[in-house]
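First to last, the sequence lines map onto chains A, B and C.
In terms of the numbering used here, the first sequence is residues 16 to 307.
In terms of the numbering used here, the second sequence is residues -10 to 284.
In terms of the numbering used here, the third sequence is residues 520 to 936.
Each residue gets a CB set at the ideal place from its N, CA and C atoms; glycine is no exception.
Keep in mind it's a predicted model, so treat the numbers as computed, not measured.
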Amino acid sequence: MNRNRLQDIIPRLVLSPSVALIVVFVYAFIVYTFYLSMTDSRMLPSYGFVGFDNYEKLWALRHWWRALSNLAIFGSLYIVICSVLGLFLAILLDQKIRGEGFLRPIYLYPMALSFIVTGTAWKWFLDPGIGLENTMHQWGWTGFEFAWIKDRNLAIYTVVIAAVWQSSGFVMAMFLAGLRGVDGEIIKAAQMDGASNVTIYRRIIIPMMRPVFLSAFVVLAHLAIKSYDLVVALTGGGPGQATELPATFMYSYTFTRNQMGIGASSAIIMLVMIFSIIIPYLYSELRPGRQR
Amino acid sequence: MSAKPIPVGAVSAGNKMLRVLLYAVLILFALYYLLPLYVMTVNSVKPLAEIRQGDMLSLPSVLTFEPWAKAWSSAQIGVQPTGLKPYFFNSVLMVVPAVAISTILGALNGYILTKWRFRGDDVIFGLILLSCFIPFQIALIPAARILGTLGIAGTTTGLVMIHVVYGLGFTTLFFRNYYAAFPTELVRAAQIDGAGFFQIFRRILLPSSAPIIVVTVIWQFTNIWNDFLFGVSFGDFDSQPMTVALNNLVSSSGGVKEYNVHFAGAILAALPTLIVYVVSGRYFVRGLMAGAVKG
Amino acid sequence: MIIRKIAALAAGAAILSFTAGSAVAEDNVEVLHWWTSGGEAAALNVLKEDLESKGVTWQDMPVAGGGGTEAMTVLRARVTSGNAPTAVQMLGFDILDWAQQGVVANLNDVADQEGWGDVVPAALQNFSKYEGNWIASPVNVHSTNWVWINKAALDAAGGKAPETWDELVAVLDKMKENGITPLAHGGQPWQDATVFEAVVLSLGNDFYKAALNDLDPEALGSDKMKEAFDRMAKLRTYVDDNFSGRDWNLASAMVIEGTGGMQMMGDWAKGEFLKADKKPGEDFVCIRFPGTQGSVTFNSDQFVLFQVGEDKQKAQKMMASAVMDPVFQSAFNVVKGSVPARTDVPNDAFDDCGKKGMQDLAEANTSGSLFGSMAHGHGAPAAVKNAVNDVVTQHFNGELTSEEAVDELKNAIAAAQ
Chain A
16 MNRNRLQDII
26 PRLVLSPSVA
36 LIVVFVYAFI
46 VYTFYLSMTD
56 SRMLPSYGFV
66 GFDNYEKLWA
76 LRHWWRALSN
86 LAIFGSLYIV
96 ICSVLGLFLA
106 ILLDQKIRGE
116 GFLRPIYLYP
126 MALSFIVTGT
136 AWKWFLDPGI
146 GLENTMHQWG
156 WTGFEFAWIK
166 DRNLAIYTVV
176 IAAVWQSSGF
186 VMAMFLAGLR
196 GVDGEIIKAA
206 QMDGASNVTI
216 YRRIIIPMMR
226 PVFLSAFVVL
236 AHLAIKSYDL
246 VVALTGGGPG
256 QATELPATFM
266 YSYTFTRNQM
276 GIGASSAIIM
286 LVMIFSIIIP
296 YLYSELRPGR
306 QR
Chain B
-10 MSAKPIPVGA
0 VSAGNKMLRV
10 LLYAVLILFA
20 LYYLLPLYVM
30 TVNSVKPLAE
40 IRQGDMLSLP
50 SVLTFEPWAK
60 AWSSAQIGVQ
70 PTGLKPYFFN
80 SVLMVVPAVA
90 ISTILGALNG
100 YILTKWRFRG
110 DDVIFGLILL
120 SCFIPFQIAL
130 IPAARILGTL
140 GIAGTTTGLV
150 MIHVVYGLGF
160 TTLFFRNYYA
170 AFPTELVRAA
180 QIDGAGFFQI
190 FRRILLPSSA
200 PIIVVTVIWQ
210 FTNIWNDFLF
220 GVSFGDFDSQ
230 PMTVALNNLV
240 SSSGGVKEYN
250 VHFAGAILAA
260 LPTLIVYVVS
270 GRYFVRGLMA
280 GAVKG
Chain C
520 MIIRKIAALA
530 AGAAILSFTA
540 GSAVAEDNVE
550 VLHWWTSGGE
560 AAALNVLKED
570 LESKGVTWQD
580 MPVAGGGGTE
590 AMTVLRARVT
600 SGNAPTAVQM
610 LGFDILDWAQ
620 QGVVANLNDV
630 ADQEGWGDVV
640 PAALQNFSKY
650 EGNWIASPVN
660 VHSTNWVWIN
670 KAALDAAGGK
680 APETWDELVA
690 VLDKMKENGI
700 TPLAHGGQPW
710 QDATVFEAVV
720 LSLGNDFYKA
730 ALNDLDPEAL
740 GSDKMKEAFD
750 RMAKLRTYVD
760 DNFSGRDWNL
770 ASAMVIEGTG
780 GMQMMGDWAK
790 GEFLKADKKP
800 GEDFVCIRFP
810 GTQGSVTFNS
820 DQFVLFQVGE
830 DKQKAQKMMA
840 SAVMDPVFQS
850 AFNVVKGSVP
860 ARTDVPNDAF
870 DDCGKKGMQD
880 LAEANTSGSL
890 FGSMAHGHGA
900 PAAVKNAVND
910 VVTQHFNGEL
920 TSEEAVDELK
930 NAIAAAQ
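Right, here's the structure in full:
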């Protein structure tokens, strides 16, 4: 039957432009970047093949190691704090709070703002000369000290503070949605058995949040690896190179230092990191989907 | 799926203290989240001299809205003091079609990937989804080449196209997860009745898609409105979006920094996304619940 | 239905951009620049109005951030997409890098006709010409080895402007005793590097040229270089704890208000003093970095003209010529704090510091002690410049000792070349 044949083709026809665009704009670009990483490109792409030279140079750079170790500190703190705080706030908000409709957007709104917008406010707030420290001094607490952003050993933690501020509300919303999806019957049954609230959360509800933890982890991990504007707005990578991250490293080598080859090789390393987190997740997510 | 609030922790008479503590903690966190917005707002209505004196948290002793007026219509963005106004409309012209197109495509993709399944559709979905995770910086040079070849470099059309492409992963993900929970039997029944591909979508799935459309639109709107990298690289003298103008305002290289105008401009630039979040925040959680969170 | 909607939206978007595109007048120039602050934009507006009086429309493409680095990223995207702007504000070695890509225009006919070669200092021409052809119109010359001192603070510290390193240390010590921050400084890599190159210059013209222009490994690894880093470490002791990340103009404000004693910064800092109604000689003093009188490290903003379609070439040439107009050069530089790129512009409109700047430049030009500034992209290409910034910043922040810094500097420069 003609009509049926047509009905079979239409879905693929409708899907194909999206797939084509993504194959070109994502996968072809990744291949292209990989190719660039093997060339002597400096200011603009050029195609003299140099093998793995750029990777050797990259791994010899103190700067790059610094960016990686910063990412390890930043990423782990960011993911852990956002998840814990998000879950904590979601559980609190889930206690039939009056004014939930008022509080929720307050927790959520930072996600709506870019750091181009909030960067100056954060910089002020963290700056001991005009920010929190100064305010505390003016209020009479003269012993108060908060100069992390000026300290090369502590500055990375100020980046964590601002990043947690931006994303934890979003994670909260994910957990809240998860909590609201929990079947009330199970809880009722547990309550009948005399389980305390704490036990119910610890033994029943939080374990049920496993998929949310996973989604949150994926979202946060890739945000951490891609973190760029946050650092630029807050510290510009300083003091010294104390807050340099792989994304800022890559941008700087590709576009401001005219060492596109090294920039491309750092981009490839970043992609490898991202994909090694995402692909196992996708695999585990999509498998049960098959049986649905 | 049950959407009822869990009765855990419901008030029992002896729990009053705990309740008070609960509210105190919640309000404390609300203050933490509000702090930067408070700093921006308070300092956007102070005269510059008052800001220089120092206390960033204090309320203004002289209230002035001049910084807002200036940021909107007469601040120095480029060679002429145009304020952010013209760029605001550039942003709107870019965001509206980009959000609409990427949402529609995402809905259709999600519909196909759940209700018109074919061999290898999971792989296709995986490929689309992975696109969410690439660092945009690597796309800059090759995308410029493609836009140039298509003759839409430096135009709003080009910006719309870029944003649609890099939004597809998210929109497809949202709709796919949402439609996965939608009873396939209904679709089959409609097929047997002779309804076609688009008819089924329009008559059966679309009417119940409101929550996920809200989530998708919020997500896309926020990301595209806030984008700086693509806007600055692929915008032209007459299509630069608001974020680029804001950056020109706040990170100009020399001269007196008019912090109050900067803050006013920053809030202006953020206002559309803020309004969207506040107005539809309720639907956002509902929409997340309905699909985006669960696999 | 849905498809029709999509088509309608796409068509709508296309029409919008099409109408925007077709609104372009006949003669126009699109200018990519990062002069977006009030004073700078006002200065540039002189050029815009001049061109508009000649019937050329100015299409403004401002991209601020990072002292032009953001604009250079945009330029890459624009050139790659085949949509280069007519003219682009640019600094130093970036100009030559772009010229090497074969994407810039040739201005020889305008330059020859107007005799640019006779009025532009040779050190600047090195950047305005590529392989003998004019490719850019220089707008100004900034010099970077200035020190701006609060007059009252200087008087309290003995009143004599320091002329040698030892005198400088003495003044700084005295200011410290007087309870102010002796050195107002912003901890950003380019600011650290600005001080560093002045320190290197104070160790001798030949040393500066060998180390930071010729990148001679011997000079880079020499004891003199260690001395330079030691001096940086000494200067660090005069900076307050809160310096990291501070914008340069906030450091200037410290000197203006007297909480800071002096600032080591290029001549653009003067604008901050003038705007605060401070008078050169009365409220503040401008001197060359001690030990560098007679020498000048410079950077020069230039408008590089890119290859454009034939329909735009007439306007492009008019723009190149307008930039070189002595009236514009005077008007612009009075506002900007720099000195004209032409040596034949009368100095009547300039203040004392400006006059001194013009005289210093002319002298340095004739005596061969006019050097490209490393910190501002006129000493070496971007990769090397940033490698130097890295080392200087790390050392200044205490991450490296002077010995380590010398080694690291030599290695980093070798790796970046």
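Cα-Cα separation between residue i and residue j, rounded to whole angstroms
{"i": "residue 661 (chain C)", "j": "residue 858 (chain C)", "result": "7 angstroms"}
{"i": "residue 574 (chain C)", "j": "residue 240 (chain A)", "result": "50 angstroms"}
{"i": "residue 543 (chain C)", "j": "residue 74 (chain B)", "result": "Note that residue 543 (chain C) scores 43 on pLDDT, short of 50, meaning its location in the model is unreliable; the coordinates nonetheless yield the value given after this. Straight-line Cα distance between these residues: approximately 20 angstroms."}
{"i": "residue 583 (chain C)", "j": "residue 235 (chain B)", "result": "10 angstroms"}
{"i": "residue 68 (chain A)", "j": "residue 218 (chain B)", "result": "29 angstroms"}
{"i": "residue 918 (chain C)", "j": "residue 911 (chain C)", "result": "10 angstroms"}
{"i": "residue 119 (chain A)", "j": "residue 191 (chain A)", "result": "10 angstroms"}
{"i": "residue 850 (chain C)", "j": "residue 629 (chain C)", "result": "22 angstroms"}
{"i": "residue 7 (chain B)", "j": "residue 751 (chain C)", "result": "58 angstroms"}
{"i": "residue 82 (chain B)", "j": "residue 146 (chain B)", "result": "9 angstroms"}
{"i": "residue 47 (chain B)", "j": "residue 16 (chain B)", "result": "20 angstroms"}
{"i": "residue 30 (chain A)", "j": "residue 117 (chain B)", "result": "11 angstroms"}
{"i": "residue 295 (chain A)", "j": "residue 209 (chain A)", "result": "39 angstroms"}
{"i": "residue 813 (chain C)", "j": "residue 728 (chain C)", "result": "15 angstroms"}
{"i": "residue 131 (chain A)", "j": "residue 41 (chain B)", "result": "22 angstroms"}
Residue span of the alpha helix (DSSP H) that contains residue i, given as start and end
{"i": "residue 905 (chain C)", "result": "901 to 915"}
{"i": "residue 149 (chain A)", "result": "147 to 153"}
{"i": "residue 211 (chain B)", "result": "199 to 215"}
{"i": "residue 554 (chain C)", "result": "Per DSSP, residue 554 (chain C) belongs to no alpha helix (DSSP H) and is neither H nor E."}
{"i": "residue 250 (chain B)", "result": "248 to 276"}
{"i": "residue 117 (chain B)", "result": "110 to 119"}
{"i": "residue 579 (chain C)", "result": "Where residue 579 (chain C) is concerned, there is no enclosing alpha helix (DSSP H), although the beta strand (DSSP E) it sits in stretches over 576 to 581."}
{"i": "residue 775 (chain C)", "result": "767 to 776"}
{"i": "residue 41 (chain B)", "result": "37 to 42"}
{"i": "residue 163 (chain B)", "result": "145 to 169"}
{"i": "residue 758 (chain C)", "result": "First-last for residue 758 (chain C): undefined, no H or E at that position."}
For residue i, the first and last residue of its enclosing beta strand (DSSP E)
{"i": "residue 606 (chain C)", "result": "606 to 610"}
{"i": "residue 890 (chain C)", "result": "889 to 891"}
{"i": "residue 661 (chain C)", "result": "659 to 662"}
{"i": "residue 781 (chain C)", "result": "779 to 783"}
{"i": "residue 638 (chain C)", "result": "Where residue 638 (chain C) is concerned, there is no enclosing beta strand (DSSP E), although the alpha helix (DSSP H) it sits in stretches over 635 to 638."}
{"i": "residue 665 (chain C)", "result": "665 to 669"}
Contacting residues, own chain, Cβ-Cβ under 6 angstroms from residue i (five flanking each side not counted)
{"i": "residue 141 (chain A)", "result": "164, 173"}
{"i": "residue 93 (chain A)", "result": "175, 178, 239"}
Residues of its chain near residue i, where Cβ-Cβ distance is below 8 angstroms and the 5 sequence neighbours each way are ignored
{"i": "residue 540 (chain C)", "result": "With a pLDDT of 41 at residue 540 (chain C), under the threshold of 50, the predicted position of this residue should be treated as unreliable, and no value is reported."}
{"i": "residue 224 (chain B)", "result": "79, 143, 148, 230, 233"}
Beta carbon proximity, residue i to chain D, threshold 8 angstroms
{"i": "residue 718 (chain C)", "result": "Among the protein chains in the structure shown, which are A, B and C, there is no chain D."}
7 angstroms Cβ shell around residue i - same chain, five flanking residues per side excluded
{"i": "residue 854 (chain C)", "result": "558, 561, 562"}
Runs of beta strand (DSSP E) lying entirely within the region 807 to 866 of chain C, each at least 3 residues, in chain order
815 to 818, 820 to 824
At least three beta-carbon pairs within less than 8 angstroms, the region 703 to 721 of chain C to the region 760 to 768 of chain C:
yes
Whole alpha helix (DSSP H) elements within the region 677 to 732 of chain C, 4-residue minimum
684 to 696, 708 to 721, 724 to 727
Assess contact between the region 817 to 826 of chain C and the region 595 to 614 of chain C, defined as three or more Cβ pairs (one per stretch) separated by less than 8 angstroms. Is contact present?
yes
Which residue spans inside the region 106 to 184 of chain A form an unbroken alpha helix (DSSP H) run of at least 4?
115 to 123, 130 to 141, 147 to 153
Quick one: any contact between the region 161 to 173 of chain B and the region 199 to 207 of chain B, if contact means 3 or more CB pairs under 8 angstroms?
yes
Would you call the region 198 to 211 of chain A and the region 41 to 52 of chain A touching, i.e. three or more CB-CB distances under 8 angstroms?
no
Given 8 angstroms as the limit, is there contact between the region 31 to 42 of chain A and the region 259 to 273 of chain A, that is, 3 or more CB pairs closer than that?
no
How about the region 204 to 217 of chain B and the region 124 to 133 of chain A: do they share at least three Cβ pairs that are nearer than 8 angstroms?
yes
Ranges of the alpha helix (DSSP H) found wholly within the region 34 to 92 of chain A, counting only runs of at least 4
44 to 51, 68 to 74
Is it true that the region 70 to 83 of chain A meets the region 173 to 185 of chain B, where meeting means three or more beta-carbon pairs spaced less than 8 angstroms apart?
no
Count the CB pairs spanning the region 549 to 556 of chain C and the region 63 to 71 of chain B that are closer than 8 angstroms, and state whether there are at least three.
yes
Can you confirm whether the region 134 to 148 of chain A touches the region 54 to 69 of chain A when touching is taken to mean that 3 or more C-beta pairs between the two stretches lie within less than 8 angstroms?
no
Please confirm if the region 241 to 252 of chain A is in contact with the region 215 to 232 of chain A, defined as three or more CB-CB distances below 8 angstroms between the two stretches.
no
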